[in-house]
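Asks: After the structure tokens below, expect a handful of questions from me.
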Amino acid sequence: MFSFSQKIIISYLILFLVFFALLFPFVPQSVKWLVEKNMKNIATHVIERVEKSDNLTKLIENLRSQEFIVAYRISLLNSKGILLYDAHLEHLYKKEVAPVPTQHPEVKQALKKGIGFTEQYSVIFGENYFYLAKAFYFQDEKYVLRMAFPATQIRSLIHSIEVAFFVFATVVLALFAVMAFMVLRHLTKPIRSIIQTIRPYQEGKTDTIPEINLPPYTSGDIYALAKTIKGLSKRLELQIENLTQEKNKKQSVLDALGEGVIAFDEQGMVSSFNLTALQILNLTTTDIDQQSTPFTIEKLQPEIAHELKLLLEKTKQSKTLSQAILNLNNRFIEMVTAPINDEMGYVFVVSDKTHHYQVVQMGKQFIANASHELKTPITIIHGYAETLYEHRDLKPAQIDEVTTKIMKNCERMDKLIRTLLTLAEIENIPKERFEKCDLIEVVKNCHYMLDSIYPDLNIHLEMQKDSYVVSGIYNLIELAFFNLIENAAKYSKGTPDITIRFNETTDYIEVEVQDKGIGISEKDLKNIFERFYQTDASQAKNLGGVGLGLSIVKTVLEQHSAKIHVTSKLGKGTTFTLQFPKN
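Remember, my numbering sits 2 above the position in the sequence shown when you count from 1.
Here it is as structure tokens:
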């Protein structure tokens, strides 16, 4: 459906096209008339120049010299129609023209009326020509100057003019359409302003009617209508603004919650939800935020959908809150459904309790492991203490042996407690304590400290420069490297041989700690960073560790935003790759 202004523009364009269509057939006639007029002017000019010749022979010679001016085929005939000269025949046959009579209609017209113009087929050239013949007197004798112009050139000229005429008409038409559009747009601006202002509100695209701006000279009924709508708009705008503020407050509260919330009516139409719900349920806004399409439970994961149906059924019957916890492959989802007042619908609250359960489980595991590690030396100390208490007559050598074992187990407990305290401290280090740490210097210090424990320890450093600086707490980074290098030495076969490579990329400083030790089995690789975890090989060698060394390494690196990867082959050795961020 066209608008009022569009109908006017289309009407004018149709009239304009009809005018040009009627004018178009006159183009060929106009071109022929122009060609004829041009040929007449040229013929007159040539005649004026050759009339001054002394005799006929001289006239023909002068006529030859005019060929470059004429640029057409030119002929000379006497009053009897006998051909005296033809420029093209001389060029074609390389000889003078024989004086033979001709029967050209344009020549007859020229002899009778002074000038003649026809179009006919040329046998010599095999195409149509336009011929113009003009009579003139020379030394009291009547002669006819005949000129020819190829019809193909005229048709080409007509075609070019038609194209130009069409382009001109198109440009004029476009300019006319633009001008008409601008004029009508200006005249209908008040009407369009009202329509454009009201339409979005009518279609439900906006909640308020924007202010209607009319030109200052506007008056009459349209202006009165605009003022009335403007007044109503102000009242509606205040009411809608209050409702919007309330809605935004509620949505802000929902988005701030750690739980996902979806509220829907009996028909399943969603009235509100938050982003947390989408994240937990793996949904998108298109799945749930559709005003015309009800929310379907089938879009959820099958296990969640099944449990939600049971909860909703229970809530409908009891009119009270219903709750369930779902275990999805060690992902714990807590689901709650509750009725909305006046049976308007239901609210579905979902939360991911996986981290909570993991923390609880880790706490239980940690307490169990720590208790086990502490229980062993306490049991040993208790046993030896009973021995001393019950056998007071032990020899000094036996007493020394018992007390030595008690001291070693006390030291073991002390080391375990200090390690646990170190772990707790690492997890709460402030970033303000960070300083520049040279990793080369750190590794050399670790080598120096381990030299007394492993005198034959060989450490090979591979690096492209003398210094690799990162930001962190020096003592903690040193502790991480000490644990890695000590483990590499501890689990080596024979003389410890360790290679440490330094490499720098765009974003990271990378350090590889590679040994040629006993290696780590594939089943142990995924657990080696867990607290109190000890591999089968370490237990078999009975090296006295408590399984916290690599856990400390990982915790230190995490606190420095660094990463650690490990690759290993049994009997071949292990490589730990550390990546420290440059910034």
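Think of the CB as a built atom: it goes at the ideal place given N, C-alpha and C, for glycine as much as any other residue. Source: prediction; values computed, not measured.
Is the Cβ-Cβ distance between L314 and T339 less than 9 Å?
Replies: If you number the sequence shown from 1, residue 314 lands on position 312. If you number the sequence shown from 1, residue 339 lands on position 337. Yes. Within cutoff.
Asks: For T579, report the span of its beta strand (DSSP E) as first-last.
Replies: Numbered from its first residue, the sequence shown carries residue 579 at position 577. Start and end: 575–583.
Asks: Which residue or residues does DSSP assign as beta-bridge partners of E205?
Replies: Numbered from 1 along the sequence shown, position 203 holds the residue referred to as residue 205. Paired residues: none, contrary to the question.
Asks: Just grab the DSSP bridge partners of L147 for me.
Replies: Counting from 1 along the sequence shown, the entry for residue 147 is found at position 145. L147 is bridged to L78, K136.
Asks: Can you tell me whether N489 is helix, strand or coil according to DSSP?
Replies: Taking the first residue of the sequence shown as position 1, residue 489 is located at position 487. Three-state result, N489: helix.
Asks: If you draw a straight line from the C-alpha of Q581 to the C-alpha of E512, how long is it?
Replies: Within the sequence shown, the letter at position 579 stands for residue 581. Within the sequence shown, the letter at position 510 stands for residue 512. Going by the C-alpha atoms only, they are around 5 Å apart.
Asks: For I156 versus V33, is the C-beta spacing smaller than 9 Å?
Replies: As a first step, residue 156 must be located in the sequence shown, where it is residue number 154. As a first step, residue 33 must be located in the sequence shown, where it is residue number 31. Their beta carbons are under 9 Å apart, which means I156 touches V33 by this criterion.
Asks: Which residue spans inside the stretch 393–467 form an unbroken alpha helix (DSSP H) run of at least 4?
Replies: If we require 4 residues or more, the alpha helix (DSSP H) runs fully inside the stretch 393–467 come out as 398–428, 441–452.
Asks: Hey, could you find the ends of the beta strand (DSSP E) H567 is sitting in?
Replies: Locating residue 567 in the sequence shown gives position 565, counting from the first residue. Residues 565–571.
Asks: Taking F436 and Y470 to be in contact with their CB atoms under 8 Å, please state how far apart those CB atoms are, rounded to whole angstroms.
Replies: Taking the sequence shown and counting its residues from 1, the one referred to as residue 436 is at position 434. Taking the sequence shown and counting its residues from 1, the one referred to as residue 470 is at position 468. F436 to Y470, Cβ: 16 Å. No contact.
Asks: Are the stretch 133–145 and the stretch 35–50 touching by the rule of at least three beta carbon pairs closer than 8 Å?
Replies: Cβ pair count under 8 Å is three or more, so yes.
Asks: Evaluate the contact criterion for the stretch 347–355 versus the stretch 260–270: three or more CB pairs, one atom per stretch, below 8 Å.
Replies: Touching, per the Cβ criterion.
Asks: Can you tell me whether DSSP reads G385 as helix, strand or coil?
Replies: As a first step, residue 385 is located in the sequence shown; it is residue number 383 there, counting from the start. Looking at G385 - three-state DSSP - the assignment turns out to be helix.
Asks: Would you be able to state if there are at least three C-beta pairs under 8 Å between the stretch 120–130 and the stretch 8–25?
Replies: Taking 8 Å as the limit for Cβ pairs, the verdict is that the stretch 120–130 does not touch the stretch 8–25.
Asks: Helix, strand or coil for D526, going by three-state DSSP, please let me know.
Replies: Counting from one through the sequence shown, the residue named residue 526 turns up at place 524. Three-state result, D526: helix.
Asks: Which whole-angstrom value is the C-beta distance of F266 and Y348, which I expect to be below 8 Å?
Replies: Counted from its first residue, the sequence shown places residue 266 at position 264. Counted from its first residue, the sequence shown places residue 348 at position 346. So it is a contact: roughly 6 Å between Cβ atoms.
Asks: Would DSSP call L259 helix, strand or coil?
Replies: Mapped onto the sequence shown, residue 259 falls at position 257. Coil, per DSSP.
Asks: Going by the beta-carbon positions, is the gap between V555 and A490 smaller than 9 Å?
Replies: As a first step, residue 555 must be located in the sequence shown, where it is residue number 553. As a first step, residue 490 must be located in the sequence shown, where it is residue number 488. Result no, Cβ atoms of V555 and A490 do not sit closer than 9 Å.
Asks: Where does Y123 fall in DSSP's three states?
Replies: In the sequence shown, counting from the first residue as 1, residue 123 sits at position 121. Three-state result, Y123: strand.
Asks: Could you pull the start and end residues of the beta strand (DSSP E) that E268 belongs to?
Replies: Here the question's residue 268 lines up with position 266 in the sequence shown. E268 -> no beta strand (DSSP E), and no H or E assigned at all.
Asks: Note down the Cα distance separating T208 from S320, rounded to an integer number of angstroms.
Replies: The sequence position of residue 208 within the sequence shown is 206, counting from 1. The sequence position of residue 320 within the sequence shown is 318, counting from 1. Cα to Cα, T208 sits roughly 40 Å from S320.
Asks: Buried or exposed for K543, going by 16 or more other Cβ atoms inside 10 Å?
Replies: One-based indexing of the sequence shown puts residue 543 at position 541. In this prediction, K543 scores a pLDDT of 45, lower than 50, which makes its location untrustworthy; the coordinate-derived value is nonetheless stated afterwards. Exposed, by the Cβ-count rule.
Asks: Just the Cα atoms here: how many angstroms apart are T405 and V558?
Replies: For the purposes of this step, residue 405 is taken as the residue at position 403 of the sequence shown. For the purposes of this step, residue 558 is taken as the residue at position 556 of the sequence shown. Spanning the two alpha carbons is a distance of roughly 36 Å.
Asks: Flag this pair as touching only if the stretch 443–455 and the stretch 384–398 have three or more C-beta atom pairs under 8 Å; answer yes or no.
Replies: Cβ pair count under 8 Å is below three, so no.
Asks: When DSSP labels each residue in this structure, what does E532 get in the three-state scheme?
Replies: The count along the sequence shown starts at 1 and reaches residue 532 at position 530. E532: coil per DSSP, three-state reduction.
Asks: Relative to the alpha-carbon of T507, which residue among L234, K584, N529, Q561 has its alpha-carbon at the smallest distance?
Replies: Along the sequence shown, read from residue 1 onward, the residue named residue 507 stands at position 505. Of the listed residues, the one whose Cα sits closest to T507 is K584.
Asks: Helix, strand or coil: which one does DSSP assign to Q541?
Replies: Locating residue 541 in the sequence shown gives position 539, where the first residue counts as 1. Confidence is the limiting factor: at Q541 the pLDDT is only 49, short of 50, which leaves the residue's position unreliable and the question unanswerable from this model.
Asks: V37: buried (16+ other C-beta within 10 angstroms of its C-beta) or exposed?
Replies: As a first step, residue 37 must be located in the sequence shown, where it is residue number 35. Under this definition V37 is a buried residue.
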